[in-house]
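Just below is one structure, and these are the notes that go with it.
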Amino acid sequence: MARVYNFSSGPAALPEEVLKKAQREMLDWQGVGMSVMEMSHRSKEFTSILDSAKQRVKNLLKVPDNYEILFVQGGASTLFAQIPANLAYGFETVSYLDTGVWSSKAIKEAAKYAKVNVVASSKAQNYTTVPDLSEWQIDPNSAYLHIVQNETIGGVEFDFLPETDLPIVADLSSTILSREIDISRYALIYAGAQKNIGPVGSVLVIIRKDMLERSQDSLPSVWNFKQLALNNSMINTPPTYSIYLANLVLEWLDEQGGVSEIEKVNVEKARRLYQKLDSSRLYSNPIDPAYRSRMNVPFILQDESLNSEFLVEAENAGLKTLAGHRTVGGMRASIYNAMPLAGVDALIEFMSAFEKKHGY
Ligand SMILES: *Cc1c(COP(=O)(O)O)cnc(C)c1O
Numbered sequence: 094m095a096r097v098y099n100f101s102s103g104p105a106a107l108p109e110e111v112l113k114k115a116q117r118e119m120l121d122w123q124g125v126g127m128s129v130m131e132m133s134h135r136s137k138e139f140t141s142i143l144d145s146a147k148q149r150v151k152n153l154l155k156v157p158d159n160y161e162i163l164f165v166q167g168g169a170s171t172l173f174a175q176i177p178a179n180l181a182y183g184f185e186t187v188s189y190l191d192t193g194v195w196s197s198k199a200i201k202e203a204a205k206y207a208k209v210n211v212v213a214s215s216k217a218q219n220y221t222t223v224p225d226l227s228e229w230q231i232d233p234n235s236a237y238l239h240i241v242q243n244e245t246i247g248g249v250e251f252d253f254l255p256e257t258d259l260p261i262v263a264d265l266s267s268t269i270l271s272r273e274i275d276i277s278r279y280a281l282i283y284a285g286a287q288k289n290i291g292p293v294g295s296v297l298v299i300i301r302k303d304m305l306e307r308s309q310d311s312l313p314s315v316w317n318f319k320q321l322a323l324n325n326s327m328i329n330t331p332p333t334y335s336i337y338l339a340n341l342v343l344e345w346l347d348e349q350g351g352v353s354e355i356e357k358v359n360v361e362k363a364r365r366l367y368q369k370l371d372s373s374r375l376y377s378n379p380i381d382p383a384y385r386s387r388m389n390v391p392f393i394l395q396d397e398s399l400n401s402e403f404l405v406e407a408e409n410a411g412l413k414t415l416a417g418h419r420t421v422g423g424m425r426a427s428i429y430n431a432m433p434l435a436g437v438d439a440l441i442e443f444m445s446a447f448e449k450k451h452g453y
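Each residue of the sequence shown is one higher than the one before, counting from 94 in this note's numbering.
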C-alpha cells in the first residue's frame with residue numbers, strides 16, 4: 094500500500110526515511126542482536142542513543158551550556174501540572190497568557206498549585222488572535238510567565254516575547270524545531286514528542302539550570318526536574334523506543350540542513366496554503382493574519398453540508414486526517430516538518446478541483 098499524506102495534528106506523520114531506518118534496525122540494532130525496545134536503558138548502547146538525541150537537540154536549537162536537556166515521561170499535559178509543582182514553590186502567583194485550548198488547560202492545572210494571574214486573554218475574540226503586548230498585565234511577583242506559542246487546535250502562533258524579569262516558560266509542543274528560536278530568552282521550554290519530534294511517550298524539556306533549584310525534595314521523585322537532571326532523565330525507565338525514534342528524526346532534520354533550512358520550507362508550505370484559502374470563495378481561515386500558525390492550518394467550507402464529501406474525497410485522494418478538532422469542527426491541515434512541500438501542493442490541487450466541481 095502506498096503511503097498517504099497524513100495531516101494529523103498528533104500523533105503526526107513521521108519522515109518516511111526515519112520509519113525505514115527504524116524498520117531496518119528493528120530486529121538487530123547496529124549488530125547487538127536485539128531491538129532497541131529490548132535493551133536495558135542503562136546499557137551503553139541505549140545511553141549512547143539518549144546522549145546522541147540530547148546532543149542533536151543542543152546543536153539544532155543552539156542550546157546554551159547553562160541549560161539541561163531532559164526527556165520526561167508522559168505528555169505535555171503532564172507538564173501542565175509538573176511545571177507549577179516544580180517552579181511555583183514559595184510563590185503565591187503564577188502568570189499565564191490565555192490564547193486558546195491548550196493555554197486554558199495549562200491554567201486549569203496550574204490553579205491547583207498557585208493563584209493564576211491571567212495576564213491577557215483572546216477568549217473574547219474566540220481565540221482568533223493574540224493579545225497585544227501592551228495589554229499583558231504581568232504580575233512581577235509571579236513564579237514565572239507561561240505562554241503557548243502555537244495553539245495547535247486554534248491555529249494561532251506568535252513569535253514575540255515580552256520584556257520581563259519573570260522566567261518565561263513556554264509550551265512549544267507543536268512548533269518546536271519548525272523555526273529558529275532564541276533559547277536564552279526562556280527559563281523552560283517543553284514539547285510533547287508526537288507533533289514535531291517523534292512518537293508519543295516523551296516530552297522534551299529544556300530548562301535553565303538555576304531553575305532546578307526550585308524543585309523541592311517533597312515532590313514525587315519522577316516529577317522532580319532537579320532529580321531528572323541529576324539522573325540523566327533516568328529516575329526510572331524512560332520511554333526508550335520513543336527516544337530512539339526521536340533521535341532518528343533529529344538526525345533526519347540535521348540532514349535537511351537543520352532548523353533554519355526546514356523553516357524556509359515551512360514558511361513556503363504555509364504561504365501556499367493560506368494563499369489558497371484567501372483566494373477561495375469556498376474555503377476560509379478565521380485567524381488574524383498576523384498570528385496564523387505555520388504548523389496547524391484550520392479552515393472552514395462556506396457550505397458546511399459539503400464537509401463530509403470533502404473528507405471522503407480527500408481520503409480517496411490519499412490526503413488523510415483533515416477533519417478539524419472535535420470541539421471546533423471544520424477542517425485542519427497540520428503541516429509539521431515531516432510534511433513535504435509536495436504534500437501541501439497535493440492538498441491545494443485537491444481543494445481547487447473540489448471547489449471547481451461544486452461551482453465555486
Ligand atoms: C498536543 C498538545 C498538548 C498535549 O499533549 P499530550 O501529549 O496529549 O498531553 C499540549 N500543548 C500543546 C500546544 C499541544 O499541541
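Positions of the beta carbon are idealized from the N, C-alpha and C atoms, including for glycine.
Could you check whether the Cβ of residue i sits closer than 7 angstroms to any heavy atom belonging to ligand 1?
i: residue 89; result: Residue 89 lies beyond the range of the chain shown here (94 to 453); nothing can be said about it.
i: residue 191; result: no
i: residue 264; result: yes
i: residue 106; result: no
i: residue 295; result: no
i: residue 316; result: no
i: residue 203; result: no
i: residue 170; result: yes
i: residue 197; result: no
i: residue 267; result: yes
i: residue 183; result: no
i: residue 285; result: yes
i: residue 103; result: yes
Any idea what DSSP makes of residue i, helix, strand or coil?
i: residue 250; result: strand
i: residue 269; result: coil
i: residue 387; result: coil
i: residue 330; result: coil
i: residue 128; result: coil
i: residue 290; result: coil
i: residue 231; result: coil
i: residue 342; result: helix
i: residue 436; result: helix
i: residue 325; result: coil
i: residue 150; result: helix
i: residue 201; result: helix
i: residue 320; result: helix
i: residue 120; result: coil
i: residue 218; result: helix
i: residue 115; result: helix
i: residue 430; result: coil
i: residue 256; result: coil
For a test of your reading of the model: does the CB of residue i fall under 7 angstroms from any non-hydrogen atom of ligand 2? Yes or no.
i: residue 288; result: Here the bound small molecules are ligand 1; ligand 2 is not part of this structure.
Is residue j closer than 8 angstroms to residue i when the C-beta atoms are compared?
i: residue 125; j: residue 109; result: no
i: residue 207; j: residue 236; result: yes
i: residue 154; j: residue 355; result: no
i: residue 246; j: residue 194; result: yes
i: residue 337; j: residue 187; result: no
i: residue 150; j: residue 326; result: no
i: residue 307; j: residue 180; result: yes
i: residue 289; j: residue 269; result: yes
i: residue 432; j: residue 98; result: yes
i: residue 257; j: residue 379; result: no
i: residue 104; j: residue 287; result: yes
i: residue 346; j: residue 430; result: yes
i: residue 358; j: residue 434; result: yes
i: residue 37; j: residue 341; result: In the structure as shown, the chain starts at 94 and stops at 453, and residue 37 therefore has no counterpart that could be examined.
i: residue 189; j: residue 200; result: yes
Starting from residue i, follow its DSSP beta bridges and name the residues at the other end.
i: residue 239; result: 189, 262
i: residue 362; result: Looking at the DSSP assignment, residue 362 forms no beta bridge with any residue, so it has no partner.
i: residue 392; result: 424
i: residue 161; result: 300
i: residue 377; result: 393
i: residue 295; result: 166
Can you tell me the Cβ-Cβ gap for residue i and residue j, rounded? I've got them flagged as a contact below 8 angstroms.
i: residue 333; j: residue 132; result: 7 angstroms
i: residue 425; j: residue 391; result: 4 angstroms
i: residue 352; j: residue 273; result: 5 angstroms
i: residue 213; j: residue 228; result: 5 angstroms
i: residue 300; j: residue 156; result: Not a contact, Cβ separation roughly 10 angstroms.
i: residue 96; j: residue 250; result: That belief does not hold up - the Cβ atoms of residue 96 and residue 250 are roughly 27 angstroms apart, past 8 angstroms.
i: residue 240; j: residue 263; result: 5 angstroms
i: residue 366; j: residue 428; result: 7 angstroms
i: residue 161; j: residue 322; result: 4 angstroms
i: residue 404; j: residue 439; result: About 15 angstroms; that fails the 8 angstroms criterion.
i: residue 159; j: residue 302; result: 5 angstroms
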